[in-house]
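Engineer:
Numbering (my numbering), first residue to last: 3 to 930.
1) Cα separation between residue 537 and residue 578?
2) Determine contact between the stretch 727-736 and the stretch 658-671, defined as no fewer than three beta-carbon pairs at a distance below 8 Å.
3) Measuring CA to CA, which of 294, 690 and 809 is closest to residue 763?
4) Out of 303, 69, 741 and 320, which has the shortest C-alpha to C-alpha gap to residue 256?
5) According to DSSP, residue 435 sits in a beta bridge with which residue or residues?
6) Thinking residue 241 and residue 326 are a contact (beta carbons under 8 Å), I'd like their distance in whole angstroms, please.
7) Give the straight-line distance between the Cα atoms of residue 38 and residue 195, rounded to the nearest whole angstrom.
8) So, helix, strand or coil for residue 863, using DSSP?
9) Within the stretch 146-210, note down every full beta strand (DSSP E) run reaching 3 residues or more, in order along the chain.
10) Measure the CB-CB distance between residue 206 and residue 413 and report whether it falls below 8 Å.
11) Mapping DSSP to helix, strand and coil, what is residue 568?
12) Quick one: Cα of residue 888 to Cα of residue 819, how far?
13) Would you kindly work out how many angstroms separate the C-alpha atoms of residue 656 and residue 697, rounded to a whole number?
14) With H, G and I counted as helix, E and B as strand and the rest as coil, what does DSSP make of residue 65?
15) With 16 as the cutoff for other CB atoms within 10 Å, does residue 504 come out buried or exposed?
16) Do residue 595 and residue 576 count as a contact pair if the criterion is CB distance below 8 Å?
17) Using a Cβ-Cβ cut-off of 8 Å (strictly less than) and excluding sequence neighbours within five positions of residue 634, which residues of its own chain qualify?
18) Helix, strand or coil: how does DSSP classify residue 920 here?
19) Applying the criterion that 16 or more other CB atoms from any shown protein chain within 10 Å of the CB defines a buried residue, is residue 356 buried or exposed?
20) Helix, strand or coil for residue 594? Go by DSSP, reduced to three states.
21) Does residue 32 come out as helix, strand or coil in the three-state DSSP assignment?
22) In the stretch 209-246, which residue ranges form an unbroken beta strand (DSSP E) of at least 3 residues, counting only runs that do not cross its ends?
23) With DSSP as the reference, please indicate the residues paired to residue 269 in a beta bridge.
24) Using three-state DSSP, classify residue 883 as helix, strand or coil.
25) Suppose you measure from the CA of residue 191 to the CA of residue 924; what does that come to, to the nearest Å?
26) If you count every other CB in all the chains shown that lies within 10 Å of the CB of residue 220, and 16 or more means buried, which is it?
27) For residue 22, write down the residues that DSSP places opposite it in a beta bridge.
28) Just to confirm my understanding: we take residue 787, look at its own chain, exclude 5 residues before and 5 after, and list those with CB closer than 8 Å. What are they?
29) Count the other CB atoms, across all protein chains shown, that sit within 10 Å of the CB of residue 249; report buried if there are 16 or more and exposed otherwise.
30) Taking DSSP as the reference, what is the three-state secondary structure of residue 760?
31) Could you check how far apart the C-beta atoms of residue 396 and residue 402 are, in whole angstroms? I think they sit under 8 Å.
32) Can you tell me the Cβ-Cβ gap for residue 461 and residue 508, rounded? I've got them flagged as a contact below 8 Å.
33) So, are the CB atoms of residue 766 and residue 688 less than 8 Å apart?
34) Specify, as a first and last residue, the run of the beta strand (DSSP E) that residue 457 falls within.
35) DSSP three-state call for residue 373: helix, strand or coil?
36) Got a sec, what are the start and stop residues for the beta strand (DSSP E) residue 112 sits in?
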C-alpha cells in the first residue's frame, strides 16, 4: 500500500464551478462532488472525466461523495452515471438526496425547453441516477470495507450540506465542499472534531475576504431595499431555491412586520411551499431557535411574501422579487432582469458569488450592456453586491483549519490569485504544506506511515489511578473542573522487543523486567570564584551560604566526596581552577575555585510547586532559589536560555500563579516573578519578557473570570520590572524591551491572524505609560520616552484592527496630553467650575462611523484594581509636543496609508500643535 495521497481536481481547480476532486489513497479512489459549471453550455460545463482512466470507470472509482445539492457540486452526476456509465456507490445526506432531483430537473428544463440544448440528460436519467444513491446520517461512520470508512459532519451553508471525513487504512482526508463558519437565521455553523487528517481539501471562494458583521450587512441591505421602494422602484434579488433565499426572506419578513410596510414581496411560484416542506422534513438540520419554535410558529410561513406570477413584471409601483437562479444565468431571474434593467429607478441586489460567464458576473464587473437571448440590454438599474453568501470567509477557513489540525492543506473552489494569497497565510500561520493545483494537475502528498505502539497495562492502570486522585481533588475544589476535558498524557519509556515490536511502559518496570538503567539529561554551568581554604573548607563555606536560602532537608553533603553538595537534584561540585599560577594566588594566599552546578530540567516543575505552596516561608525560599538558579544560568559559560527553555520556565511559573490564592499572596508572587528579570542578561531578559507575554496569550481564553484579575496584575508588574531592568543600565536597554513589545502585543496585524488576544493588547496599552511614569518619573528624558512610543506610532500607521488603533489614540497619545501642564491646568479649571470650551463642538471629533470600532470604556472602571501599593500621584512624562506633532504629520503623508489611519494622524498633529502653544485641544474627553 502506497503512502502517497494523490489528488487531481477535475473541476474547481483554481476555478469556481463544476466541483469534482479525485483522491487516490491506500489503493482506493474516491471522487468528491460531481458538479456543473454554470458559465458554459457546451462540454466545458462538465468535469474532465478523461483524466480518470481509459479503463472501466466502475473498476477504478470506489465511491462518489456529494457534499450538497448546489448544481456546481451535483449538476453533472446524472451525466456521469447515465452517460459516462458509472454504476458504483454514491453517498450523500438525506436532505441532499431529497432536494437534488428538483434542482436538476429545473436546470434541465431551462437548458432544453428555453435554450434548446441537446447535450443534457433527460428526466428519466435523473430518476435512474438518484436510485443509485445511498444516504448517510450526520456523524454516522459508514464502513465500506474493513480499511475504508466515511463520516459526514455538519457544514452549514445549505440544508443537508456536509463535510466528509474519509479514512483508508492509516490515511485520512477531509473534504469540505462548501461550508459556513458563521451561524445565520436558519442554519448553524459548520463543525468538525479534531480529527487531524493527513489532508484537508477546503473551498476558498472568499480566500481574501473578511466580512463585516452580519448585523451591519443586514442593516445595509434593508436600507437599500427601503430607499428603492420608497421612491417607487422595483428590487430584484436573484437567489438559489434553497439557502440564502430563506435567510433573506426571514430578514425581510421580520422588517416588513416591524415597519408595517405594504409594498408586496414575491417569491418564485412553488418554491416557498417546496422549501417549507423540506424544512419541516429536515427540521433537525436547522439552528436551535427554529427547532424550538417550529411547532408554535413556522418561521417559513411568511405573511408578507406571496407567490410570484410572470404577469406581475409589468405591474406599476414598487415591489421586491426573489427569483432563481442566483447568478442570473437563466430562468425567471434573468427574464425579470431583462425587463427591469433599462430603468434607473430599479435595483438588483446580488447576494452571493457569481462565476465567470454569467450575467451576474458581468454586471458586478461594471458591464453597462449585456447580451441576453441575442438581444443587447442596456443596464441602467442600480447594481448592488451584498455578501450574504453562505461560504466561509478567510477567517472561517483559518478557523476550520485550527479545528481539525490537518497535516497538509489543499485549496479548491476559488480564484488563483486569491488562493495564492491565502496559501501564504496558511503556511505562515500553521507551518504546514498548502497546495492549490489547477484542473488536471495531480499533486502527490507524502504521508508518514504510523508506527504501532503497545502500551503496558500497569502504565494504563497507574494513569487511571492518578485520574481518580484528580477527581477527588476536583470534588474538594482543589482543581479546575475544566481539566476533565483536557488530554491526559502518559509518561513512560519506549522499548523495542526482539521481534521489533514497540512497547510503552513504566520506567520502573523497564528497569526490573528488562534490566535497563534509567538515564537522565543534565545541564551544567561553571562559575569561577575565590574561596579560601581546601576543597572541604570551600564546600562547607558554600553550604553555609546556601542554608540561608534552602531548607536543611534539601541540602546534603556527599559523604564519599568532600567537594560535592546536593540541593534536591542539583549537584554543586567544587574543584581547583586550571588558571595560570599568577591568577590562582591572591593576596591572602587563597586559591581560585571552579564551582560546577548541574541540574535537570525537572527542577523547573519543582519550583512551580514550591511557588504555589500555601506556606509563605516555603514560597519565599523557592523564589530565592529560583533567582539564584536563573542568575547563575544566565551568566554561565553555557550561554543564554534558549527560547524552548524559557517557555518551559514560564509554563511552570504560569501554573504557580494559576494555583496561588488570596489577593496579597498573588500580589507578592507576581511581584517576585516579574522581578526575576532584574538578574538576567540582555538576551535572557528579552526572552523572559517575551515568553511571559506569549504564555499568557496562549492561555488567555482558558483563564476564568475568577483568575483573570491576577494575570492582568502579572502583566502590569512585568511591564514595570522590565522598565526597571532598562533603567538599571541608564536606559541603554530600551531597544531590547521596546522590541519585545513591538514584535508581540503591539505588532499591528489583522485580528484574524494575530496570536495575541485583543484583551491582552488593550491591557498593555492601558498601563504602559502609567508604569513608565512610575519607573522613570520626571527625570526620564524625552529621547527615552520617544523610543518607547515608536511601537504605538507603528500601530497608528499600520494598524487594521481599529479597536486597537482607537485605544492607542485614547490611552497613549491623549493620555500624554492630559498629563501635560496644559492638561492638568484644564482639569483643575474644570473641577473648580471655571468655564472651559465644550467638548461637543470639537473640530477633532471622529466621524460617526468610527463609533462602531471603539472599545466600550467606563471612566471609573480600572481593569487592574490591585495595580500595586504606589503613590496615586503619577509623575509627569517629559514630552516634546511640537516634535511629536511634526512626526504625526510626517507619518500621515506616507503613501499607501489607509484613509482612516491618515485622518487619525492629522487629528493628533493638530492636537499636539495646540498643546505646544499652551492651548488645551478640543475632543480630549477623558479625565486622567
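Here a beta-carbon is modelled for each residue, glycine too, at the ideal position from N, C-alpha and C.
Everything numeric in this text was worked out from a predicted model, so none of it was measured.
Structural biologist: A quick look at the data gives this:
1) 8 Å
2) no
3) 809
4) 303
5) 410
6) 6 Å
7) 30 Å
8) The predicted model places residue 863 with a pLDDT of 34, which falls under 50 and marks its position as unreliable, so this point remains unresolved.
9) List check, beta strand (DSSP E) in window: 150-156, 164-170, 173-177 and 201-205.
10) yes
11) strand
12) The alpha-carbon separation between residue 888 and residue 819 amounts to approximately 16 Å.
13) 7 Å
14) strand
15) Exposed is the call here.
16) yes
17) Excluding residues within five positions, the ones whose Cβ falls inside 8 Å are 527, 529 and 599.
18) coil
19) buried
20) strand
21) strand
22) 236-240
23) 309 and 324
24) helix
25) 46 Å
26) buried
27) 13
28) Contacts found: 774, 778, 879, 880 and 881.
29) buried
30) Annotated three-state conformation of residue 760 is helix, per DSSP.
31) Contact flag wrong, Cβ pair sits at about 11 Å.
32) 5 Å
33) no
34) 455-457
35) In this structure, residue 373 counts as strand in the three-state DSSP scheme.
36) Segment: none, residue 112 is in no beta strand (DSSP E) and carries neither H nor E.
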